[in-house]
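Asks: Under our numbering, the first residue of the sequence shown carries the number 38, and numbering increases by one thereafter.
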Amino acid sequence: MCEKLTGKTIPAIEKPRRPGDPPRLVASAEKAVRELGWKPQYPRLEDIVATAWAWHQRHPTATRIDPAARLLP
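Written out as structure tokens, the structure reads:
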């Protein structure tokens with residue numbers, strides 16, 4: 038979705054799961070809607086990514102990613 042909306046290639050390195058990693062991740066606001074009466078402003082992934090990308094386009098220096106930075110193992 039990010040590549041589709043930004044028109045940019047996003048490099049990714051896929052590796053096997055680490056011990057303790059869940060087999061898959063699923064996000065849902067269903068419980069918050071049901072129990073708290075909360076409703077997301079942007080329920081679709083496409084809208085979430087599009088609004089985030091638009092914000093970053095308006096604020097290009099707000100966040101910087103250091104390509105030399107490494108994630109913890």
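Each residue gets a CB set at the ideal place from its N, CA and C atoms; glycine is no exception.
Suppose you measure from the CA of proline 97 to the CA of leucine 42; what does that come to, to the nearest Å?
Replies: The alpha-carbon separation between proline 97 and leucine 42 amounts to approximately 17 Å.
Asks: Which value, in whole angstroms, describes the spacing of the CA atoms of tryptophan 75 and arginine 81?
Replies: 15 Å
Asks: Starting from histidine 93, trace the alpha helix (DSSP H) in both directions and tell me its first and last residue.
Replies: 82–95
Asks: Grab me the residues of alanine 69's own chain with a C-beta within less than 7 Å of its C-beta, minus the 5 sequence neighbours each way, in chain order.
Replies: Trp75
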